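Scroll down for the structure; my scribbles are underneath it.
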Amino acid sequence: MGFGELPYLVAEDLTSACGYSPDGKLLAVAVWSGVIDVYDTTTWSKVRRLRGHDGGSNDVTFSADSQRIVSAGKDKTARVWESNGGVEAVLVLEGHTSGLCGTSFSPCGKKVVSCSSDNTIRLWDAQTGECLLVLEGHTSVVRGVRFSADGRTLVSGSDDKTIRFWNAETGEPAAVWTSPVGAVGCLAYSPNGRWVATGHQYGDVLLWDTATGETSANLYGHTDNLTSVVFSSSSQWLASSASDRSVKLWDVSSRTLVATLNGHNGGVYKVDFAPSERQIASVGAD
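Throughout the sequence shown, residue numbering follows full-length UniProt numbering, covering 1 to 286 in sequence.
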């Protein structure tokens with residue numbers, strides 16, 4: 001796999017999150033001022049600016065059909081936007097009592113999940129905005145939440161040092177894993193369902209086997225707090241970002257470091273793979 005830096009995008013303020021559309025045509029970038037800029041990945045021109053959040057967003061993801069975007073705001077709301085529509089959100093999901101940390105659509109696009117520093121997870125109807133379920137069990141900030149590829153399971157990670165699995169239909173807890181290296185700062189669920197990756201303080205990246213609930217590897221390389229982890233669409237690669245200003249690419253099967261991508265002048269907040277696996281986007285404090 002070869003690596004070369006693409007043209008970088010300059011925002012008006014610090015950036016906090018990014019996400020590719022599943023069709024690979026768009027990249028959404030959340031800015032601390034509260035806007036979300038959407039770029040064409042062929043020309044790297046800005047095609048839309050989404051407004052509404054009072055402050056930045058900690059996560060931004062697309063629906064599986066690439067038609068909608070959901071963002072996790074520090075203003076206690078998740079907002080749903082049409083990716084090719086107007087600049088205002090079509091849904092504002094209100095109910096959390098503190099800032100949001102993560103959000104995503106279910107694979108079928110009918111639900112949205114969000115997590116917050118209020119220690120809860122909420123499931124929403126993606127068409128009406130109705131809150132369907134409130135999942136309680138974590139005892140501290142919930143840093144990340146993701147659906148399994150089949151949409152039947154949710155996995156969440158928290159400052160309380162646990163990774164929790166939930167039935168996505170009923171909200172019932174399914175399993176609890178305890179991190180051996182402390183608080184969970186970020187997590188990802190592999191598309192093939194075999195792995196969960198978690199990022200932690202002090203540079204630890206743990207790879208968990210979902211069949212056994214055991215850690216399969218600790219991927220050493222980062223020297224500061226992990227901020228995001230993400231699997232490629234094939235589940236072959238894992239990318240991680242950290243406050244040490246680097247992005248690292250790992251081979252999941254061999255558990256080896258493939259590359260360290262430098263270039264940021266400050267901590268890196270988020271990283272995402274393009275669906276083709278030929279591009280990686282990252283945003284940070286520079």
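A virtual CB, placed ideally from N, CA and C, is assigned to each residue, including glycine. Fair warning: this is a prediction, and the values are worked out from it, not measured in the lab.
Is residue i helix, strand or coil by DSSP?
i           : result
residue 73  : strand
residue 102 : strand
residue 203 : helix
residue 49  : strand
residue 167 : strand
residue 135 : strand
residue 229 : strand
residue 122 : strand
residue 110 : coil
residue 58  : strand
residue 246 : coil
residue 275 : coil
residue 153 : strand
residue 141 : coil
residue 117 : coil
residue 82  : strand
residue 148 : coil
Is it right to say residue i is buried, meaning 16 or more other beta carbons lie within 10 angstroms of its own, or is it exposed?
i           : result
residue 271 : buried
residue 199 : buried
residue 101 : buried
residue 250 : buried
residue 39  : buried
residue 284 : buried
residue 59  : buried
residue 266 : exposed
residue 29  : buried
residue 45  : exposed
residue 134 : exposed
residue 220 : exposed
Please look up how many angstroms separate the CB atoms of residue i and residue j, rounded, as I've assumed it's under 8 Å.
i           : j           : result
residue 67  : residue 83  : 6 Å
residue 79  : residue 96  : Incorrect: roughly 12 Å between the Cβ atoms, too far for contact.
residue 247 : residue 238 : Contact doesn't hold; Cβ gap of about 11 Å is too wide.
residue 177 : residue 235 : The Cβ separation is near 19 Å, so there is no contact.
residue 269 : residue 16  : 5 Å
Looking at the strands, I want to know which residues DSSP matches up with residue i.
i           : result
residue 251 : 237 and 256
residue 218 : 206
residue 90  : DSSP, once it has assigned bridges, lists no residue as partnering residue 90.
residue 20  : 27
residue 161 : Note: residue 161 sits in no beta bridge, so no partner.
residue 173 : 166
residue 35  : Paired residues: none, contrary to the question.
residue 269 : Residue 269 pairs with nothing; no bridge assigned.
residue 178 : 162
residue 282 : 271
- Quick check: the stretch 178-192 against the stretch 137-144, are there 3 or more CB pairs under 8 Å? yes
message = Pairs of beta-carbons, one from the stretch 81-89 and one from the stretch 107-122, closer than 8 Å: are there three or more?
response = no
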